[in-house]
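The opening position of the sequence shown corresponds to residue 1 in full-length UniProt numbering, with each subsequent residue numbered one higher.
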Amino acid sequence: MAGLLRSPLVLARNTLRAPVVRACSPALTRTYRIDVKPTKTTAASLDNEKAQISQPTTQDPKYRIERPPAAVVAFAHRLGLNQLKDQTLLMRIVTHPSYEKVGIATNERLDYLGAKVLDMFVLEYLHTKYPKMPTKMLKDAVSTYTKSSTLALMAKEFGVEDVARWIRSKPELENQLAFNTVKASIVRATVGALYVDQGPIKAREFIHAHFLSREFNLVQLLEVEEPKLYLSFLMKRLGRERPMARLMSETGRHSKAPVFIVGVYSGTEKIGEGYGSSLKMAEFRANKDALTKYYLEEQKDFGLPSDVEVQGAVYTPTKVGDTPVVV
């Protein structure tokens, strides 16, 4: 059978579909010569390699050892974690339990341990510095230093946001995991890692440098509804004269913005002072000022019970704090 004849239109269509080949200029190839000099193996370098291989680790054998990235290394240097004997703790510190990966250790245990260590050293410091602070106020003061919102702000300064490893909660879950909770856990885990690896003194130094060096307004923690009555009972228990309020100065009594300054005296000693747009408000603030000065009296030179851990240090016990007045 004779071959099929193709029409001119079919031949033209096949010609248009043919691939187009364009001429391209040849790529420029450069050849670089690199001279590699053999390194001399010294006894010191061999010792360093052996030390790195035999580096002590507290890592569970069932977890794989991860090499920390540059961001984690920088984070460690900022906080002095590069001095840890067990460098496998670095990746564990920044790994939240929500980061569920097979063979990856999280900071759950370090977080729990760090929370207890943080509470202990903050409580020790505040209890010794303010021996007359009421118990409820002391609890609130410790919470001010250790609560998650405070730790989240500190984590931002530390650069935790760049190294945290966590996974967001699924949208259908009722309790969503907040990033501030993750950041706070990493800060607590840092304290826990220092305590485990370096001992209590290094952990205490870290807490004093990064936590207790900050000033918080503790005056607002003293909540007294009737400071005048409270102050009267306090002076009676201390064997001092009953407090009396005296007007010290005033201005604009008959104007729209009067100002009164009232002082509270126990005998001839002024124990408190307050101001206000009315005599009642000024007296209220003066009585509360007297209570604040008494309960927030600071000890200037004091030792801490944990000082006995320092070699050669001698701890001198301080007076146990006063109990609050029962009204």
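Just so you know, even glycine gets a beta-carbon here, dropped at the ideal spot from N, CA and C. Predicted model, so just to flag it, every value in this text is computed and none were measured.
Around the C-beta of residue i, are 16 or more other C-beta atoms found within 10 angstroms, so that it is buried, or is it exposed?
i: residue 185; result: buried
i: residue 283; result: buried
i: residue 51; result: Bear in mind that a pLDDT of 45 at residue 51, under 50, signals an unreliable position, so the number given afterwards is only what the model happens to contain. Counting Cβ neighbours within 10 Å, residue 51 comes out exposed, since fewer than 16 surround it.
i: residue 183; result: buried
i: residue 96; result: buried
i: residue 310; result: exposed
i: residue 101; result: exposed
i: residue 302; result: exposed
i: residue 7; result: Confidence in residue 7 is poor, its pLDDT being 48 and thus under 50, which makes the residue's placement too unreliable to answer from.
i: residue 251; result: exposed
i: residue 274; result: buried
i: residue 313; result: exposed
i: residue 170; result: exposed
i: residue 288; result: buried
i: residue 337; result: Residue 337 is absent from the structure shown; the chain starts at 1 and stops at 327.
i: residue 292; result: buried
What are the boundary residues of the beta strand (DSSP E) that includes residue i?
i: residue 275; result: 269 to 276
i: residue 245; result: 244 to 251
Assuming residue i and residue j form a contact by the criterion Cβ under 8 Å, report the distance between their Cβ atoms to the nearest whole angstrom.
i: residue 118; j: residue 207; result: 6 Å
i: residue 82; j: residue 93; result: Actually they do not touch by this definition, with Cβ atoms about 12 Å apart.
i: residue 204; j: residue 111; result: Residue 204 to residue 111, Cβ: 18 Å. No contact.
i: residue 218; j: residue 141; result: 5 Å
i: residue 152; j: residue 175; result: Their Cβ separation, rounded to whole angstroms, is 18 Å, which puts residue 152 and residue 175 out of contact at 8 Å.
i: residue 76; j: residue 90; result: 5 Å
Measure the alpha-carbon distance for residue i versus residue j and round it to whole angstroms.
i: residue 253; j: residue 247; result: 13 Å
i: residue 162; j: residue 71; result: 7 Å
i: residue 225; j: residue 199; result: 44 Å
i: residue 244; j: residue 264; result: 5 Å
i: residue 172; j: residue 124; result: 43 Å
i: residue 88; j: residue 193; result: 11 Å
i: residue 113; j: residue 269; result: 48 Å
i: residue 235; j: residue 227; result: 12 Å
i: residue 267; j: residue 233; result: 15 Å
i: residue 316; j: residue 307; result: 9 Å
i: residue 215; j: residue 144; result: 11 Å
i: residue 131; j: residue 320; result: 6 Å
i: residue 286; j: residue 300; result: 25 Å
i: residue 159; j: residue 78; result: 9 Å
i: residue 166; j: residue 69; result: 16 Å
i: residue 220; j: residue 86; result: 42 Å
i: residue 178; j: residue 74; result: 25 Å
i: residue 128; j: residue 213; result: 15 Å
i: residue 249; j: residue 229; result: 24 Å
i: residue 66; j: residue 116; result: 27 Å
i: residue 150; j: residue 238; result: 37 Å
i: residue 126; j: residue 297; result: 11 Å
i: residue 201; j: residue 84; result: 14 Å
i: residue 277; j: residue 255; result: 10 Å
i: residue 197; j: residue 271; result: 49 Å
i: residue 109; j: residue 147; result: 18 Å
i: residue 103; j: residue 121; result: 33 Å
i: residue 157; j: residue 164; result: 13 Å
i: residue 304; j: residue 133; result: 17 Å
i: residue 294; j: residue 231; result: 10 Å
i: residue 53; j: residue 190; result: Low confidence applies here, because residue 53 scores a pLDDT of 40, under 50, leaving its location unreliable and the question unanswered by this model.
i: residue 259; j: residue 154; result: 40 Å
i: residue 279; j: residue 242; result: 19 Å
i: residue 168; j: residue 195; result: 29 Å
i: residue 416; j: residue 222; result: Limits of the chain in this structure are 1 at one end and 327 at the other, which puts residue 416 out of reach.
i: residue 98; j: residue 80; result: 26 Å
i: residue 240; j: residue 281; result: 25 Å
Hey, quick one: how far does the alpha helix (DSSP H) through residue i stretch, first residue to last?
i: residue 125; result: 108 to 129
i: residue 260; result: Per DSSP, residue 260 belongs to no alpha helix (DSSP H); it is in the beta strand (DSSP E), 259 to 266.
i: residue 220; result: First-last for residue 220: undefined, no H or E at that position.
i: residue 210; result: 200 to 210
i: residue 73; result: 70 to 79
i: residue 290; result: 279 to 295
i: residue 238; result: First-last for residue 238: undefined, no H or E at that position.
i: residue 93; result: 89 to 93
i: residue 136; result: 135 to 146
Mind checking if residue i is an interface residue toward chain C, Cβ cutoff 7 Å exclusive?
i: residue 212; result: No chain C is part of this structure, which consists of one protein chain only.
Next on the checklist: Is it the case that the segment 208 to 215 contacts the segment 130 to 138, given that we only count it when at least three CB pairs across the two stretches are under 8 Å?
Outcome noted: Under the 8 Å Cβ criterion, the segment 130 to 138 does not count as touching the segment 208 to 215, having fewer than three qualifying pairs.
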